[in-house]
């Protein structure tokens, strides 16, 4: 596998990676080419190099008939420059928004976070737990998913993109994140509820999110020996 630093040393690939990080959603090859004013064929080659380096991943998008077009997003375990992703710029803006409105006596930090979460949903990756996972990945949480019984799905977040801020004020940042999680669920999995949200040490990761649907779907059932 190519090293991430070497791959991003190429200017076009660095621009593509930065654009995907800025979009925080899946984007088709043609859209990325248009935004950077480049030919789609060349952009596709650069994206495949980024994929080989583990920095981007192909995403499933909704479309019409026939083969779905290629779409791309930041990989869940991407480590540009050898470091896990961070989200300080976004977090600072969101906290300023939340605390500013709270100071005016409007809503709590968690409620503002819920509104932000609804705005952060990825428009092209559909609905369901896969879309929820994609949203967490785009935010830099490096999630892994495990399906349980009775419609339960748990997510372990292996990276905290807001670690520095959490060290300063964990209750506020985690309240904002919990609200964002509720907002994501509202849009991508409205049949589910947030059953658990367990923060952990930001330097070690391992925060847990658990969703529970009102009724399990067949695809949620764990396979058995007779399957």
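In the numbering used here, the protein residues as written are 938 to 1164.
Beta carbons: idealized from backbone N, C-alpha and C, even for Gly.
Note that the coordinates shown come from a computational prediction; the quantities given were computed from them, not determined experimentally.
query, result
"Give me whichever residues DSSP pairs with residue 1133 in a beta bridge.", "1147"
"Helix, strand or coil for residue 1094 per DSSP?", "strand"
"What are the start and end residues of the alpha helix (DSSP H) that includes residue 1051?", "1046-1056"
"So residue 1116 and residue 1054 are supposed to be a Cβ contact under 8 Å. How far apart are they, rounded?", "6 Å"
"Quick check on the burial criterion: 16 or more other C-beta atoms within 10 angstroms. Buried or exposed for residue 943?", "exposed"
"Verify whether the separation of the beta carbon atoms of residue 1126 and residue 1089 is less than 8 Å.", "no"
"Throw me the rounded Cβ distance for the residue 1012 and residue 994 pair, which I believe falls under 8 Å.", "4 Å"
"Strictly by DSSP, which residues pair up with residue 1083?", "1091"
"Alpha carbon to alpha carbon, what distance is there between residue 992 and residue 955?", "11 Å"
"Looking at the strands, I want to know which residues DSSP matches up with residue 1011.", "993"
"Tell me, please, which residues DSSP counts as bridged to residue 965.", "1008"
"Where residue 1130 and residue 979 are concerned, what is the direct C-alpha to C-alpha distance, given to the nearest angstrom?", "43 Å"
"For residue 1049, which of 1118, 975, 951 has the nearest alpha-carbon?", "1118"
"In the structure shown, what three-state DSSP assignment does residue 947 receive?", "coil"
"By Cβ distance below 7 Å, which residues in the same chain neighbour residue 972 in space, the five residues on each side in sequence not counted?", "956"
"Taking the alpha carbon of residue 1057 as the reference point, which residue from 1070, 1067, 1091, 1121 has its own alpha carbon closest?", "1121"
"Terminal residues of the continuous alpha helix (DSSP H) containing residue 1076?", "No alpha helix (DSSP H) holds residue 1076; DSSP gives it neither H nor E."
"Just to confirm my understanding: we take residue 1092, look at its own chain, exclude 5 residues before and 5 after, and list those with CB closer than 6 Å. What are they?", "1080, 1082, 1146"
"Relative to the C-alpha of residue 1071, which candidate in 1014, 1047, 950 has its C-alpha closest?", "1014"
"Should residue 1135 be labelled buried (16 or more other beta-carbon atoms within 10 Å of its own) or exposed?", "exposed"
"Within 10 angstroms of the Cβ of residue 1087, are there 16 or more other Cβ atoms? Answer buried if so, exposed if not.", "exposed"
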